Amino acid sequence: MLYTDGLVASRDLDIDDGITRLCRALDPAVSLDAACDAVLAPMLPGRPADDVALLMARTRALDASQVATWDVEPDPAAVAEARKEAVRQMEAWGLTDAVFVTELVVSELVTNAIRYGEPPIQLRLINDSSLICEVSDASNTAPHLRRARTYDEGGRGLLLVARLSERWGTRQTTRGKTIWAEQNLRSQPAPGATLALEFPA
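Under the UniProt record's numbering, read the sequence shown as residues 1 to 201, first letter to last.
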């Protein structure tokens, strides 16, 4: 819940008393609308003298069995182990159709973190309505897509991730950054299917 001071303080109401009243007014109502009404009615019985904003959101925690996390050594040899761990987890979740794409995404994101990021590096898979692969490192430098020339040996990793994922992005954290890629689990290529990707020349 977020709110402006107009909800809990006025000329006639000390802010500490207002916060105490707000805590008493909170009710685990069925809907967010009802929860807002349950707060606003006792807090603002008359016309407020100040602007008031109230934002409530319901968050949902994932079950621990839906999240797998690994620390990754800042060594290029660790990429193969990260792929193996991801494959084992995907099989444990029964997501064998998504293994091939997930292996590629994990490989590219972990490789980038080792090559361009800073330790500590962490890989996380989240199995919800979609599959999210996150790789975090301690560098604040945001990644960027670059256009690799035809005979360049590198420079296609993020482009590959972008093509294989429904969405991807990066977010800054207090400890660096996290690069994430989301796969739609309902649109995975069938096992044995040929995956054709076109890269700009």
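Just so it is clear, CB atoms sit at the ideal spot from N, CA and C, and this is done for glycine as well.
Here the structure is a predicted model, which means the values were calculated and not measured.
{"Check": "As an exercise, report each continuous alpha helix (DSSP H) stretch of at least 4 residues that is fully enclosed by the UniProt domain \"Histidine kinase/HSP90-like ATPase\" (73-180), in chain order.", "Outcome": "78-92, 99-116, 157-164"}
{"Check": "What are the boundary residues of the alpha helix (DSSP H) that includes V39?", "Outcome": "32-43"}
{"Check": "I need the boundaries of the alpha helix (DSSP H) containing A22, first residue and last residue.", "Outcome": "Note on identity: in this sequence residue 22 is Leu, with Ala being the wrong assignment. Where L22 is concerned, the enclosing alpha helix (DSSP H) stretches over 15-25."}
{"Check": "Closer than 8 Å is the cut-off here; do at least three beta carbon pairs connect the region 101-110 with the region 157-170?", "Outcome": "yes"}
{"Check": "Report the CB separation of L54 from L40 in whole angstroms; it is logged as a contact under 8 Å.", "Outcome": "7 Å"}
{"Check": "Which whole-angstrom value is the C-beta distance of R21 and P48, which I expect to be below 8 Å?", "Outcome": "Their Cβ separation, rounded to whole angstroms, is 14 Å, which puts R21 and P48 out of contact at 8 Å."}
{"Check": "Three-state secondary structure (DSSP) at L185?", "Outcome": "helix"}
{"Check": "State yes or no: is the C-beta of L131 within less than 8 Å of the C-beta of L123?", "Outcome": "no"}
{"Check": "Below 8 Å on the Cβ atoms is my contact criterion, and I expect V101 with L164 to pass it. Report the Cβ-Cβ distance as a whole number of Å.", "Outcome": "5 Å"}
{"Check": "If I'm right that N140 touches G176 with Cβ under 8 Å, what's the distance once you round it to whole angstroms?", "Outcome": "6 Å"}
{"Check": "Given that a residue counts as buried once 16 or more other Cβ atoms are within 10 Å of its Cβ, and exposed if not, what is N127?", "Outcome": "buried"}
{"Check": "Tell whether a beta-carbon distance below 8 Å holds between A181 and V105.", "Outcome": "yes"}
{"Check": "Do the CB positions of P119 and A142 come within less than 8 Å of each other?", "Outcome": "no"}
{"Check": "Can you tell me which of R58, D50, G18, Q89 puts its alpha carbon nearest to the alpha carbon of A64?", "Outcome": "Q89"}
{"Check": "What does DSSP give as the partner residues of T69 in its beta bridges?", "Outcome": "R124"}
{"Check": "Taking the C-alpha atoms as reference points, what is the distance between V52 and I121?", "Outcome": "42 Å"}
{"Check": "Across which residues does DSSP place L55 in a beta bridge pair?", "Outcome": "L2"}
{"Check": "Counting only the same chain and skipping the five closest in sequence on each side, list residues whose C-beta sits under 7 Å from that of E103.", "Outcome": "R83, A86, V87"}
{"Check": "Which value, in whole angstroms, describes the spacing of the CA atoms of A80 and R60?", "Outcome": "33 Å"}
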